[in-house]
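Following full-length UniProt numbering, the numbering of the sequence shown begins with 1 at its first residue and continues without gaps.
Written below as C-alpha cells is the structure these notes are about.
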Amino acid sequence: MASLSHLGWRSFHSQQLTLEDLETAHPARVSSVHRSGLVVISEQGTINVTVPPRLLDTLELPITVGDWVLVEHAAPRVQRVIAPYSVIKRHAAGTDRRLQTIAANLDTLFVVTSCNDDFNPSRLERYLAVAFEAQVEPVIVITKADQCDSPEPFIDEANALGTTAAAIAVNAMDTTTVAALEQWLQPGQTVAFVGSSGVGKSTLVNTLTGNTQQATGGIREDDSKGRHTTTSREMFALDSGAWVIDTPGMRELKIGAVEAGLRTVFDNIETLAAQCRFRDCKHDSEAGCAVLAAVAAGQLDARRLASYHKLQREAALAGMSTHERRARDRSFGRITSSALKVKEKNKR
Ligand SMILES: Nc1nc2c(ncn2[C@@H]2O[C@H](COP(=O)(O)OP(=O)(O)OP(=O)(O)O)[C@@H](O)[C@H]2O)c(=O)[nH]1
Ligand SMILES: [Zn+2]
C-alpha cells in the first residue's frame with residue numbers, strides 16, 4: 001500500500017499533529033464524500049469511515065475530497081480534520097450562498113483548452129484567477145495540437161497573459177506528448193483538470209491512467225439503505241503515482257469571490273492603476289486614468305481590460321451575502337421604477 005508521502009502527506013500536515021494524536025489515530029486521505037460518510041485511503045488501505053455529528057458542527061468548511069483526516073485506531077470514525085494547504089471553493093448556486101468546497105490539498109490545476117474555437121484568453125484568465133486564489137499552481141494545457149497546423153500561436157497567446165502559468169500543447173490521446181506534463185505528476189502530487197466540455201479532460205486522464213484503469217473503475221460502498229452500490233472514485237491515482245481529483249463542479253468551475261486571484265492574473269493592470277490620478281479610479285472614463293491611457297497608447301489590450309472589469313464584477317457579486325444582494329436588487333428596482341416614471345412623464 002502507498003506510503004503517506006505517496007498519498008500526498010506533507011510536513012505542512014504533520015506539523016499539525018501531536019504525539020497524543022498518533023497514539024489514538026492515524027492519517028487518511030478522503031477520496032470521496034457520501035451522505036453516510038467518507039471513503040478514505042491510508043497506509044492500511046481504502047475504507048469507509050463515519051464523521052461524528054459533533055465534529056461536523058465544529059467545522060468551518062465541510063470535509064471535501066483531498067482532505068486529510070485522522071481516523072481512530074479503535075473504530076472507523078474521523079477524530080479530526082487536518083487543515084489543507086490549498087482548497088478550491090465556490091459559492092453554491094441560486095439562493096443558497098453558502099461556500100462549497102470542491103477539492104483540498106491540490107498542487108496543480110490543469111486549465112485545459114484546445115487549439116480551436118474553445119481557445120479564449122478571457123476564459124483562461126477566469127480559471128487562472130480561481131487557481132491563484134486557492135494558491136494552486138495553474139498550468140495551461142492546450143489539447144488537439146494534432147488538429148491544427150501549429151500550436152505555437154496558441155502557446156504564445158497563453159504566455160502573453162503574463163502570468164507564471166506554463167503553457168503546454170499536447171495531443172491528449174498520445175502518451176508521448178502528454179509526457180510533457182510529467183513534472184507536475186510526480187508521486188504524491190495532486191492535480192485536477194478544468195475546462196469547457198469537449199476540450200479533452202477525460203481523454204487526458206485516460207491517457208495518464210493507461211495501466212491503472214482497472215483500479216480506478218469504481219469501488220463498492222454501503223449506501224444509507226445498507227445496499228451495495230458502485231460509485232466512481234473521485235480521487236484516484238494516475239500511472240505516475242500522482243492523484244487526480246475529479247468531483248462534480250470541478251470541471252467547469254464558476255468564479256467565486258476571487259479578488260486576490262484576479263490581482264495576480266491582472267498584475268500589469270494593478271501596476272498601472274497605481275498611477276491613476278484618483279485612488280478610487282474605476283478605469284472607466286475618469287480623467288488621468290493611467291490604465292485607459294495605456295489602452296489608448298496600444299500598451300494594454302482593450303480585451304484584457306474588459307475581461308478584468310467583467311471578472312471583478314462577477315467576483316464582487318459572488319462575494320455578496322444574500323442580504324447585500326437583496327439590498328442591491330431593491331435599489332436597482334428603485335432606479336428602474338424611477339427611470340420609468342421619468343419616461344412616463346416625458347411622454348405626457
Ligand atoms: N485529435 C484529438 N482529439 C482529442 C484530443 N483531446 C480530446 N480529443 C477528442 O475530443 C473529444 C472530447 O474529449 P473529452 O476528453 O471527452 O472532453 P472532456 O473535456 O472530458 O469533456 P466533458 O467530459 O464534457 O467535460 C473526444 O472525442 C476526444 O477523443 C486531442 O488532443 N486530439
Ligand atoms: Zn484608472
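Glycine is no exception: its CB is placed at the ideal position from the N, C-alpha and C atoms.
On a Cα-Cα basis, can you pick out the residue from Glu234, Ala257, Gly241, Lys310 that is closest to Val33?
As a working note, residue 33 is residue 33 in the sequence shown. Of Glu234, Ala257, Gly241, Lys310, the residue nearest in Cα terms is Glu234.
Under three-state DSSP, which class holds Trp9?
Mapped onto the sequence shown, residue 9 falls at position 9. Of the three classes helix, strand and coil, the one that applies to Trp9 here is coil, per DSSP.
Check Gly256 in the structure and name its three-state DSSP category.
Taking the sequence shown and counting its residues from 1, one reaches residue 256 at position 256. Three-state DSSP puts Gly256 in coil, outside helix and strand.
Exposed unless 16 or more other CB atoms sit within 10 angstroms - verdict on Glu221
For the purposes of this step, residue 221 is taken as residue 221 along the sequence shown, with counting starting at 1. Reliability of the predicted coordinates at Glu221 is poor, the pLDDT of 45 falling under 50, and the value obtained from them is presented with this limitation in mind. Glu221 comes out buried.
Put Arg313 into one of helix, strand or coil per three-state DSSP.
Within the sequence shown, residue 313 is the residue found at index 313, counting from 1. Arg313 falls in the helix class under three-state DSSP.
Note down the Cα distance separating Thr271 from Thr264, rounded to an integer number of angstroms.
To locate residue 271, count along the sequence shown from 1; it is residue 271. To locate residue 264, count along the sequence shown from 1; it is residue 264. Rounded to whole angstroms, Thr271 and Thr264 show a C-alpha spacing of 11 Å.
Classify Ser114: buried if its beta carbon has 16 or more other beta carbons within 10 angstroms, exposed otherwise.
Locating residue 114 in the sequence shown gives position 114, where the first residue counts as 1. So Ser114 counts as buried.
Could you check what DSSP says for Gln100 in three-state terms: helix, strand or coil?
As a first step, residue 100 must be located in the sequence shown, where it is residue number 100. When secondary structure is reduced to three states using DSSP, Gln100 falls in the strand class.
Return helix, strand or coil for Glu270, following the three-state DSSP convention.
Translated into the one-based positions of the sequence shown, residue 270 becomes position 270. Helix at Glu270.
Taking the alpha carbon of Gly261 as the reference point, which residue from Gly8, Ala2, Thr164 has its own alpha carbon closest?
Locating residue 261 in the sequence shown gives position 261, counting from the first residue. Cα-wise, what sits closest to Gly261 is Thr164.
Determine the closest residue to Pro151 out of Leu161, Phe119, Glu23, Asp284, with distance taken between C-alpha atoms.
For the purposes of this step, residue 151 is identified with residue 151 of the sequence shown, where counting begins at 1. Of the listed residues, the one whose Cα sits closest to Pro151 is Phe119.
May I ask whether a heavy atom of ligand 2 can be found less than 6 Å away from the beta carbon of Cys289?
Walking along the sequence shown from the start, residue 289 turns up at place 289. Taking the Cβ of Cys289 as the reference point, at least one heavy atom of ligand 2 falls within a distance shorter than 6 Å.
Sort Lys89, Pro76, Ala75, Glu60 by Cα distance to Ile82 and report the nearest one.
Numbered from 1 along the sequence shown, position 82 holds the residue referred to as residue 82. Nearest Cα to Ile82 within the set Lys89, Pro76, Ala75, Glu60: Glu60.
Taking 7 Å as the cut-off, decide whether the C-beta atoms of Glu125 and Ser240 are in contact.
Taking the sequence shown and counting its residues from 1, the one referred to as residue 125 is at position 125. Taking the sequence shown and counting its residues from 1, the one referred to as residue 240 is at position 240. No. Outside cutoff.
For Val295 and Ala302, which I take to be in contact (beta-carbon distance under 8 Å), what is that distance rounded to the nearest angstrom?
In the sequence shown, the residue the question calls residue 295 occupies position 295. In the sequence shown, the residue the question calls residue 302 occupies position 302. Yes, Val295 and Ala302 are in contact; Cβ-Cβ is about 5 Å, under 8 Å.
Beta carbon of Ser11: closer than 6 Å to some heavy atom of ligand 1?
What you label residue 11 is simply residue 11 of the sequence shown in a count that begins at 1. Because no heavy atom of ligand 1 lies under 6 Å away, the Cβ of Ser11 does not count as near it: no.
Can you give me the start and stop residues for the beta strand (DSSP E) that Glu72 sits inside?
Residue numbering aside, residue 72 sits at position 72 when the sequence shown is read from its first letter. Segment 68 to 72, the beta strand (DSSP E) holding Glu72.
On the criterion of 16 or more Cβ atoms from any shown chain inside 10 Å, does Gly217 qualify as buried, or is it exposed?
Taking the first residue of the sequence shown as 1, we reach residue 217 at position 217. Interpretation of Gly217 is limited by its pLDDT of 38, a score under 50 that renders its predicted location unreliable; no figure is taken from the coordinates.
Under the DSSP definition of a beta bridge, which residues are partnered with Lys89?
Within the sequence shown, numbered from 1, the residue matching residue 89 stands at position 89. BP columns for Lys89 point to Thr101.
For Val199, three-class secondary structure by DSSP
Within the sequence shown, numbered from 1, the residue matching residue 199 stands at position 199. Residue state, collapsed to three classes: coil.
Where Thr190 and Trp184 are concerned, what is the direct C-alpha to C-alpha distance, given to the nearest angstrom?
Sequence index remark: in the sequence shown, residue 190 carries index 190 (1-based). Sequence index remark: in the sequence shown, residue 184 carries index 184 (1-based). Straight-line Cα distance between these residues: approximately 8 Å.
For the alpha helix (DSSP H) containing Asn159, name the first residue and the last one.
Working through the sequence shown from its first residue, we reach residue 159 at position 159. Run containing Asn159: 152 to 159, per the alpha helix (DSSP H) assignment.
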